[in-house]
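Asker:
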Amino acid sequence: MESQAASRDGHGDQRFASGKSVSFNSRMGDADFQNSWNGEIGFVGSDRRFAFSRQSSFRQSDAATPLSTPGEQLQPFLSRSVSSISIPPDAYASESNEITWKENDTSSVEKTSLLSAVLFIARAIRTGSRPMKRLFFMISLNVAYSTAEFIIGILSGRVGLVSDAFHLTFGCGLLTFSLFAMATSRKRPDNVYTYGYKRLEVLSAFTNALFLLFMAFSLAVEALHAFIQDESEHKHYLIVSAVTNLLVNLIGVWFFRSYARVNLVYRKPEDMNYHSVCLHVLADSIRSAGLILASWLLALGVKNAEVLCLGLVSSIVFVVVMPLFRATGGILLQMTPPSIPSSAFTKCLRQISAIDGVSEVSQSQFWELVPGHVIGSLLIQVRKGSDEHLILRHVHNLYSDLGIQDLTVQTNFV
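Position 204 (the sequence shown) corresponds to 204 in full-length UniProt numbering; numbering is contiguous.
1. From which residue to which residue does the beta strand (DSSP E) around F376 run?
2. Taking just the CA atoms, how far does S342 sit from I316?
3. Please classify E201 as buried or exposed, where buried requires at least 16 neighbouring CB atoms within 10 angstroms.
4. Here's the rule: buried if 16 or more other CB atoms are within 10 angstroms of the residue's CB, otherwise exposed. What is T346?
5. If I'm right that F366 touches I404 with Cβ under 8 Å, what's the distance once you round it to whole angstroms?
6. Are there three or more Cβ pairs, one per stretch, closer than 8 Å when the region 265-279 is compared with the region 197-216?
7. Which residues share a DSSP beta bridge with G362?
8. Using a threshold of 8 Å, state whether the C-beta atoms of A294 and A305 are closer than that.
9. How should residue 417 be labelled, buried or exposed, when 16 other C-beta atoms within 10 angstroms of its C-beta is the threshold for buried?
10. Go through the region 123-171 residue by residue and report every complete run of the alpha helix (DSSP H) that reaches 4 residues or more, in order.
11. Thinking just about the alpha-carbon of each residue, which of A354, K303, E270, S140 is nearest to the one in Q229?
12. If we ignore side chains and look at the alpha-carbon of each, how far apart do S329 and V382 end up?
13. Just confirm the distance between the C-beta atoms of I286 and V313, as a whole number of angstroms; I'd bet it's less than 8 Å.
14. Exposed or buried, D387, counting other C-beta atoms within 10 Å across all chains shown (16 or more means buried)?
15. Less than 7 Å between C-beta atoms, sequence neighbours within five positions excluded: which residues of the same chain meet that for V409?
16. How is V192 classed by DSSP in three states: helix, strand or coil?
17. Consult DSSP for L369 and reduce its assignment to one of helix, strand or coil.
18. May I ask you to list the residues that DSSP assigns as paired with F413?
19. In or out: P131 buried (at least 16 other Cβ within 10 Å) or exposed?
20. When you compare each of F214, L213, M182 to R199 by their alpha carbons, which one comes out closest?
21. With distances taken from CA atoms, which of L179, Y197, S178, Y145 is nearest K187?
22. In angstroms, rounded to a whole number, what distance separates the CA positions of Q351 and K384?
23. How long is the line joining the alpha carbons of Q363 and L212, rounded to whole angstroms?
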């Protein structure tokens, strides 16, 4: 027992010290012990926040803790009484200042990026094509009209005007996205978007088509609602609002009159976007004309006039928009290009398989990036000793005649 006590007094418990030695002197003063421990883990000065972070919480049978004497009752390491540390109020002042600076810096970066995006769109509109400038003028006209309609509806207490103003505002948002797609698609490919930004116009056209299909569905539901309820509740039409909205949309139809067709052959991604804008304003014009016609028929005493007009408008919008929705959805889903018949791809595969030295052809994949740009990939098993360059030249010539712009061929020797 005396030798054990002497061991505790001389060298102490051999389990807690630096990385190589795990002993400490229990008689060491508090300041010396703190400086020694902080120096081992990389802290200097009076910072005691991590002083006992490496100690485990267990009880000893006969050894005294660094903060107790042999006569006191033994307590576990890191108990609430021995590990509570008083941190100065300004201990984290520098860290809080750094966090605040980072938040301010992030907000400034977001403001700068938003401002740069606005300036980029403004520059693109100023130097852009005539359809971009016409679309910007039409959006400005719709925003002014919807704002005036909303203010008049609020002041007069007419819910119909407010509802129509929100409908026009949402439509202006979609047209603004089309304008943004027109401006952004002019950017060159970069390290992130290696194929460029042309497909953004396809996405914009798909969004417009989806909105118009939703509008057709909502008009059908409104027609069903008018059929179930009493006609007298729907006689108060806002003729002035419908006529004004029709005139504004007819200006947009005249701007994009060259794209006012249902089945349009898309040669460029711009064609899809311009066609979607034209169909957007055309569908709004048909909707306004249907409301005017329904109001006029109701004034003449025609029964179920609203149901007939709304159902007719819903059907026309659905028929007009569905081809655009299918075309844009097929490109986004990377379907086989509809401009190239499937029999042509099958014929090319047979011709490649008949080439001398080709063992197998597999994993043939072809899709349309944007209208007029078809991409394909192919895997060919080539026998050893065959002329690989001759085979690749023949394959590229075959698919180039089909209109494949980008073709990737992988060859494996068997």
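By construction, the Cβ of each residue, glycine as well, lies at the ideal position given by its N, Cα and C atoms.
Answerer: From the atom records:
1. According to the sequence provided, residue 376 is Gly. The question's Phe does not apply to it. Taken as a continuous stretch (DSSP letters only), the beta strand (DSSP E) holding G376 covers 373-382.
2. 32 Å
3. buried
4. exposed
5. 7 Å
6. yes
7. One detail in the question is off: residue 362 reads as Ser in this sequence, not Gly. Partner(s): L379.
8. yes
9. This structure cannot speak to residue 417, because the chain is shown only from 1 to 414.
10. 130-156
11. K303
12. Note that residue 329 is Gly in the sequence shown here, rather than Ser. Each residue's Cα considered, the two are about 37 Å apart.
13. 5 Å
14. exposed
15. L378, I380, L392, V395
16. coil
17. strand
18. V382
19. buried
20. M182
21. Y197
22. 20 Å
23. 37 Å
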